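Q: Quick one: this structure, given as structure tokens, is what I'll be asking you about.
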Amino acid sequence: MTTYEAIPIPGSQCDLGEGTLWDERSKCFVWVDVFDGLVKTYDPTSGDISEHVYKSMVTYVGKRASGGYVLALGDSIALTDGNFKIEREIPLGLDFKVVRTNDGNIDPSGCLWVGGAESIQGSATGDLFKIDGNFNKSIHRKNIHIANGIDWSIDRKMMFYIDSATRKISRYKFDSEKSEIVSELTPIDVSDVTGLPDGMCTDSLSNIWVAFYGCGQVRNYSPDGELLNIVQAPTALTTCASFGGKDLKNLFITSVKDYRSPEFAFDPKNDPYGGMCFEVELPISGKLDFSFNA
Numbered sequence: 099m100t101t102y103e104a105i106p107i108p109g110s111q112c113d114l115g116e117g118t119l120w121d122e123r124s125k126c127f128v129w130v131d132v133f134d135g136l137v138k139t140y141d142p143t144s145g146d147i148s149e150h151v152y153k154s155m156v157t158y159v160g161k162r163a164s165g166g167y168v169l170a171l172g173d174s175i176a177l178t179d180g181n182f183k184i185e186r187e188i189p190l191g192l193d194f195k196v197v198r199t200n201d202g203n204i205d206p207s208g209c210l211w212v213g214g215a216e217s218i219q220g221s222a223t224g225d226l227f228k229i230d231g232n233f234n235k236s237i238h239r240k241n242i243h244i245a246n247g248i249d250w251s252i253d254r255k256m257m258f259y260i261d262s263a264t265r266k267i268s269r270y271k272f273d274s275e276k277s278e279i280v281s282e283l284t285p286i287d288v289s290d291v292t293g294l295p296d297g298m299c300t301d302s303l304s305n306i307w308v309a310f311y312g313c314g315q316v317r318n319y320s321p322d323g324e325l326l327n328i329v330q331a332p333t334a335l336t337t338c339a340s341f342g343g344k345d346l347k348n349l350f351i352t353s354v355k356d357y358r359s360p361e362f363a364f365d366p367k368n369d370p371y372g373g374m375c376f377e378v379e380l381p382i383s384g385k386l387d388f389s390f391n392a
């Protein structure tokens, strides 16, 4: 097992960074600042960072097959053009007093999976739902606390999913042609790790890279749960990770400012890195995200 050190990306600090995406079309790293309603982009070649402002929270950003992006906005999803301008918004019928959207991802068939986050701690009022290219919504898991990482193996036969509060990584057999969960496998228990499992991605070998909110690490597991590698960031509240860069060997990581969970902070009175994005070059390549069929 090897430990790698992630370095901060200058100018990338935000409040609550999440929703990582590598966009091979623009060759930029994309992420969201959830409660400030921002989508941000970082060009590794120039070092430029840009931001796009929305009137609501933004909890997820993904690619559209027809160009542009799909966003989760708390109680709706929105389709944008290539400049992040909203072209269409589709309500999801969620009650903010009960639940809102959180993380998501797009499956091999081009369907968007989005999970809910409970508004009252411990209420488990969230669902994991799927939206197809015709905007039909179907619920696939209920009683969720806070839905986070979702991704699929390279052979498309396994789906990984995280409800952070459970402190485990769920694994499912998956039918990619029908875009459906077939059966549940034994989850990966990560209750021995400080903090909560948050966002995640899979690499070109189907191994998973899970950001832990509380120890400043992205931990790399095999599909069966063997710990393979660790990426250490200089701040505690790491939230999400995606592979990107020219050869998909750069891991980009988001984080949150310490005030949101000072009990986990390495140094809550003097942490210049909370809320920043980080980058590390690895000897392992990732894979590109799929695109939403809309």
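Just so we're aligned, residue 99 is where the sequence shown starts under the numbering used here, counting upward by one. All C-beta atoms in this analysis are idealised placements derived from N, C-alpha and C, irrespective of residue type, glycine included. Keep in mind it's a predicted model, so treat the numbers as computed, not measured.
From the DSSP output, which residues share a beta bridge with F310?
A: Walking along the sequence shown from the start, residue 310 turns up at place 212. DSSP output for F310 lists P295 and Q315 as bridge partner(s).
Q: Could you tell me if T157 is buried or exposed, where buried requires 16 or more neighbouring beta carbons within 10 angstroms of its beta carbon?
A: Working through the sequence shown from its first residue, we reach residue 157 at position 59. Looking at its Cβ environment, which holds 16 or more other Cβ atoms inside 10 Å, T157 is buried.
Q: What would DSSP say about Y357, mapped onto helix, strand or coil?
A: In the sequence shown, counting from the first residue as 1, residue 357 sits at position 259. Helix, per DSSP.
Q: Decide if T284 is buried, meaning its Cβ has at least 16 other Cβ atoms within 10 Å, or exposed.
A: In the sequence shown, counting from the first residue as 1, residue 284 sits at position 186. Exposed, because fewer than 16 other Cβ atoms sit within 10 Å of the Cβ of T284.
Q: Check whether the Cβ atoms of G224 and I242 lie closer than 8 angstroms to each other.
A: Position 126 of the sequence shown, counted from the first residue, corresponds to residue 224. Position 144 of the sequence shown, counted from the first residue, corresponds to residue 242. Against a cut-off of 8 angstroms, the Cβ pair of I242 and G224 comes out as a contact.
Q: Excluding five sequence neighbours on each side, which residues of the same chain lie with their C-beta closer than 6 angstroms to the C-beta of S148?
A: As a first step, residue 148 is located in the sequence shown; it is residue number 50 there, counting from the start. So the list reads T139, once near-sequence residues are dropped.
Q: Counting only runs that start and end within the segment 172-243, where is the beta strand (DSSP E) found for 3 or more residues in a row?
A: List check, beta strand (DSSP E) in window: 174-178, 184-189, 197-204, 210-216, 224-229 and 235-242.
Q: Can you tell me where the beta strand (DSSP E) with K161 in it begins and where it stops?
A: The sequence position of residue 161 within the sequence shown is 63, counting from 1. Y158 to R162 is the span of the beta strand (DSSP E), which, as asked, contains K161.
Q: Starting from V288, trace the beta strand (DSSP E) in both directions and tell me its first and last residue.
A: Numbered from 1 along the sequence shown, position 190 holds the residue referred to as residue 288. Note, V288: premise wrong, no beta strand (DSSP E); not H, not E.
Q: Measuring straight from C-alpha to C-alpha, what distance separates C209 and K367?
A: What you label residue 209 is simply residue 111 of the sequence shown in a count that begins at 1. What you label residue 367 is simply residue 269 of the sequence shown in a count that begins at 1. So the two alpha carbons sit approximately 43 angstroms from each other.
Q: Pick out whichever of I252, S383, E379 and T337 has its Cα sitting closest to the Cα of N200.
A: What you label residue 200 is simply residue 102 of the sequence shown in a count that begins at 1. When each option's Cα is compared against that of N200, the closest is T337.
Q: Closer than 6 angstroms by C-beta to I229: which residues in its own chain qualify, once you throw out the five before and the five after it? Chain order, please.
A: Translated into the one-based positions of the sequence shown, residue 229 becomes position 131. Excluding residues within five positions, the ones whose Cβ falls inside 6 angstroms are L210 and K235.
Q: How about S262 and I244: are their beta carbons less than 8 angstroms apart?
A: Counting from one through the sequence shown, the residue named residue 262 turns up at place 164. Counting from one through the sequence shown, the residue named residue 244 turns up at place 146. Yes. Within cutoff.
Q: For E377 versus I107, is the C-beta spacing smaller than 8 angstroms?
A: Taking the first residue of the sequence shown as position 1, residue 377 is located at position 279. Taking the first residue of the sequence shown as position 1, residue 107 is located at position 9. The answer is yes: Cβ separation under 8 angstroms.
Q: What three-state label does DSSP hand S320 in the structure shown?
A: By one-based count along the sequence shown, residue 320 stands at place 222. Three-state DSSP puts S320 in coil, outside helix and strand.
Q: Residues in the same chain with beta-carbon distance under 7 angstroms from G293, minus the five sequence neighbours each way, listed in chain order, please.
A: Residue 293 sits at position 195 when you count from the first residue of the sequence shown. The answer, listed in chain order, is F310, Y311, G312, C313 and F362.
Q: Using C-beta distances below 7 angstroms, list every residue in its chain close to S174, excluding the 5 sequence neighbours before and after it, in chain order.
A: The residue given as residue 174 occupies position 76 in the sequence shown. These residues qualify, in order along the chain: E187, I188, P189 and L190.
Q: Which of the three DSSP states is assigned to S110 in this structure?
A: Position 12 of the sequence shown, counting from 1, holds the residue named residue 110. If DSSP states are grouped into helix, strand and coil, S110 belongs with coil.
Q: By DSSP, does T336 sit in helix, in strand, or in coil?
A: Against the sequence shown, residue 336 aligns to sequence position 238. If DSSP states are grouped into helix, strand and coil, T336 belongs with the strands.
Q: Between K347, N348 and A339, which has its C-alpha nearest G202's C-alpha?
A: Residue 202 sits at position 104 when you count from the first residue of the sequence shown. When each option's Cα is compared against that of G202, the closest is A339.
Q: Taking the straight line between their C-alpha atoms, what separation do you get for G109 and M374?
A: For the purposes of this step, residue 109 is taken as residue 11 along the sequence shown, with counting starting at 1. For the purposes of this step, residue 374 is taken as residue 276 along the sequence shown, with counting starting at 1. Approximately 8 angstroms, taken between the alpha carbons.
Q: For A104, which three-state DSSP category applies?
A: In the sequence shown, the residue the question calls residue 104 occupies position 6. The answer is coil: DSSP assigns A104 none of H, G, I, E or B.
Q: Using the rule of at least 16 other Cβ atoms within 10 Å of the residue's Cβ for burial, across every protein chain shown, is P381 buried or exposed?
A: Mapped onto the sequence shown, residue 381 falls at position 283. Flag for P381 reads exposed.
Q: DSSP state of T264, grouped into three classes?
A: Numbered from 1 along the sequence shown, position 166 holds the residue referred to as residue 264. The answer is helix: DSSP assigns T264 an H, G or I state.
Q: I need the DSSP call for E275, collapsed to helix, strand or coil.
A: As a first step, residue 275 is located in the sequence shown; it is residue number 177 there, counting from the start. Reduced to three states, the DSSP call for E275 is coil.
Q: Below 6 angstroms CB to CB, which residues in the same chain sit around W129 once its five sequence neighbours on both sides are set aside?
A: Stepping through the sequence shown from its first residue, residue 129 is reached at position 31. The residues are G115, G117, T118, K138 and T352.
Q: For D131, which of helix, strand or coil comes out of DSSP?
A: Residue mapping note: residue 131 aligns to position 33 of the sequence shown, counting from 1. Reduced to three states, the DSSP call for D131 is strand.
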